[in-house]
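*Asks:*
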Amino acid sequence: VQSVVRVVFHDRRLQYSEQQQLEGWRWSRPGDRILDIGGCQGWGGRGGFRGRAHPPPADIPLSVGILEPQIHPTLLNTVEFLWDPSRRTSVFVQVHCISTEFTLRKNGGEKGVPFRIQIDTFGAGGKGDPPEHLHSASCLVKVFKPKGADRKQKTDREKVEKQPAPEREKFQPAYESTVLAEVG
739 VQSVVRVVFH DRRLQYSEQQ QLEGWRWSRP GDRILDIGGC QGWGGRGGFR
789 GRAHPPPADI PLSVGILEPQ IHPTLLNTVE FLWDPSRRTS VFVQVHCIST
839 EFTLRKNGGE KGVPFRIQID TFGAGGKGDP PEHLHSASCL VKVFKPKGAD
889 RKQKTDREKV EKQPAPEREK FQPAYESTVL AEVG
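Here's what the structure looks like:
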């Protein structure tokens, strides 16, 4: 099966201007990508990572079971890969932009815009037919510089702790890895 991973804007108002926002980002950061796959076992040799003909060094946490990863020079927020659903598979993605790069103010303390990491999976279509959509999943993320991220986590944790017990139960606990929810 083939999966397409994209980083998109979560806020509807930014979704309307997504192409212009991404074009502005491309102009301000020439040669950079918004999204990459961290590393692969079973490198298929097609595509490449950040213009390299080989996957990144092994010291980056690797993806497992990914075949034929592809990046498109014009789709900076998208990566594609093939994988076998009968085998254990995981993908390590790297987001190379921060949430505040798409806010109006640039002098610090910005709220930052939420991104959505979306994975769409397709099976092979019949002869001449388009691929069959099998599944979609997504998660909401905000990307900050390490110091800002630590401050944000502390502020969010304090805000949740101040809530009454029934309200705290509405929040999802933090995990070391992101759990994607099905898109309905």
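Position in the sequence shown (from 1) plus 738 gives the number in the working numbering.
Backbone N, C-alpha and C define an ideal beta-carbon position, used for all residues, glycine too.
Which residues mark the beginning and the end of the alpha helix (DSSP H) in which Q856 is found?
*Replies:* One-based indexing of the sequence shown puts residue 856 at position 118. Counting along the chain, Q856 falls outside any alpha helix (DSSP H), though it belongs to the beta strand (DSSP E) covering 853 to 861.
*Asks:* Using CA atoms only, rank isn't needed, just tell me which of F840, E870, G861, Q910 is closest to F882.
*Replies:* The residue labelled residue 882 in the question sits at position 144 within the sequence shown. Closest option to F882, Cα to Cα, is F840.
*Asks:* On the CB-based measure, 16 or more other CB atoms within 10 Å of its CB, does F909 come out buried or exposed?
*Replies:* Taking the sequence shown and counting its residues from 1, the one referred to as residue 909 is at position 171. Answer is exposed; the Cβ neighbour count stays below 16.
*Asks:* Which word fits V829, buried or exposed, when buried means at least 16 other C-beta atoms lie within 10 angstroms of its C-beta?
*Replies:* Residue numbering aside, residue 829 sits at position 91 when the sequence shown is read from its first letter. Buried, since its Cβ has 16 or more Cβ neighbours within 10 Å.
*Asks:* By Cβ distance, which residues of its chain are closer than 6 Å to G944, with the 5 residues on each side in sequence left out?
*Replies:* Residue 944 cannot be examined here, being either before or after the span of the chain that is shown, 739 to 922.
*Asks:* Between the segment 848 to 863 and the segment 742 to 756, do at least 3 Cβ pairs fall closer than 8 Å?
*Replies:* yes
*Asks:* Select from Q901, R895, D770 the residue whose C-alpha is nearest the C-alpha of L813.
*Replies:* What you label residue 813 is simply residue 75 of the sequence shown in a count that begins at 1. When each option's Cα is compared against that of L813, the closest is D770.
*Asks:* As a quick exercise: from D822, H810, T816, pick the residue whose alpha carbon is nearest that of V802.
*Replies:* One-based indexing of the sequence shown puts residue 802 at position 64. Selected option, being the one with the closest Cα: D822.
*Asks:* When every heavy atom of the ligand FAD is checked, does at least one fall within less than 7 Å of the C-beta of R895?
*Replies:* Annotation note on the ligand FAD: not contained in the displayed structure, which lists no ligands.
*Asks:* Specify, as a first and last residue, the run of the beta strand (DSSP E) that R744 falls within.
*Replies:* One-based indexing of the sequence shown puts residue 744 at position 6. First-last of the beta strand (DSSP E) with R744: 740 to 747.
*Asks:* Would you kindly report the start and end of the unbroken beta strand (DSSP E) that includes Q832?
*Replies:* As a first step, residue 832 must be located in the sequence shown, where it is residue number 94. 831 to 833 is the extent of the beta strand (DSSP E) around Q832.
*Asks:* Would you mind giving the Cβ-Cβ distance between S837 and V817, rounded to the nearest angstrom? I have them listed as a contact below 8 Å.
*Replies:* For the purposes of this step, residue 837 is taken as residue 99 along the sequence shown, with counting starting at 1. For the purposes of this step, residue 817 is taken as residue 79 along the sequence shown, with counting starting at 1. Contact flag wrong, Cβ pair sits at about 19 Å.
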